[in-house]
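As structure tokens, the structure follows; a few thoughts come after it.
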Amino acid sequence: MGSLRLTLCTGLLAACALTPAAHAADGSGGGVSVTPSSPAPGADIALRVTGCSARTATAASTAFVADVQLAGADGTLAGDSRVRASAQPGSYEVKISCAEFVIQSKITVVSQSEQSQQSESRPQSESHQPSQSQSHSQTSALSDTPASPVAPVHAGGGGTAHFASVDVRGAGPGTGQAVTGLVLAGVAAAAVALLSARRGRGRD
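If you want the numbering used here, it's the 1-based position in the sequence shown plus 7.
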């Protein structure tokens, strides 16, 4: 009996030693986004973390001037920080401590010249869009153009369905159709009466 207890205790201790702690998980289910993605020394940044069910978390990195306090709800936390002015260009580890796990990510710090080049290389969507004056002149030109006559559409396309619905709602039966209906109804009534009379005579 003593050997059985010793075996059970040894098994429990081995299971506890092999089971990892919950807070040691790397939190692969979470996500981290940094804006701008490649900041320069002294630049302000915004952190956004997803996958954390807690309302608060802390982000720490040697690239930051201080730890970032993140707050939010519904699994999304956000906070602001600043890159140290003395930070050298390179990759820095970011560790977000959430309630259930720790999310590990990285941030890339670039030099001021590289950040300026990235800003200049971004496509300027405004340059491809017409200005307000050009749009106004085009609209004026279209409004000054005389309208050409257009023949009514009699079949096909979406116009057919539209006009058909109008005709069905507004048009009723004609006079000739009404007279024909009354005549047919009278003939049917006479035939029913004659058939009933014949059946009554046959029974007598």
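C-beta: ideal position from N, C-alpha, C; glycine also.
The structure presented is a predicted model; accordingly, all values stated were derived computationally and were not measured.
- In the three-state reduction of the DSSP assignment, threonine 69 falls in the coil class.
- Here DSSP, grouped into helix, strand and coil, assigns valine 117 to coil.
- DSSP, read as helix, strand or coil, puts glycine 79 in strand.
- Contact annotation: threonine 63 and alanine 78 have beta-carbon atoms nearer than 8 Å.
- Here DSSP, grouped into helix, strand and coil, assigns alanine 204 to helix.
- Here the alpha carbon of serine 123 sits roughly 25 Å from the alpha carbon of glycine 86.
- Apart from the 5 residues on each side of it in sequence, threonine 115 sits with its Cβ closer than 7 Å to the Cβ of Ser45 and Ser98 in its chain, given in chain order.
- DSSP places alanine 196 in the helix class (H, G or I) of the three-state scheme.
- Take aspartate 51, set aside five residues on each side of it, and the residues of its chain with a beta-carbon closer than 7 Å to its own are Asp87 and Arg89, in chain order.
- Bounds of the beta strand (DSSP E) holding arginine 55 are 51-57.
- Listed in chain order, the non-local C-beta contacts of valine 72 below 6 Å within the same chain comprise Arg89 and Arg91, local neighbours out to five positions each way being set aside.
- C-alpha of glycine 49 to C-alpha of glutamine 76: approximately 19 Å in a straight line.
- Thr69 is the residue among Thr57, Thr69, Arg205 and Ser40 whose C-alpha sits nearest the C-alpha of glutamine 95.
- Under DSSP, leucine 84 takes part in a beta bridge, and its partners are Val56 and Gly79.
- When C-alpha distances from alanine 53 are compared across Ser60, Ala61, Val39 and Cys59, the shortest belongs to Val39.
- Taking all protein chains in view, the Cβ of serine 93 is surrounded by fewer than 16 other Cβ atoms within 10 Å, so the residue is classified as exposed.
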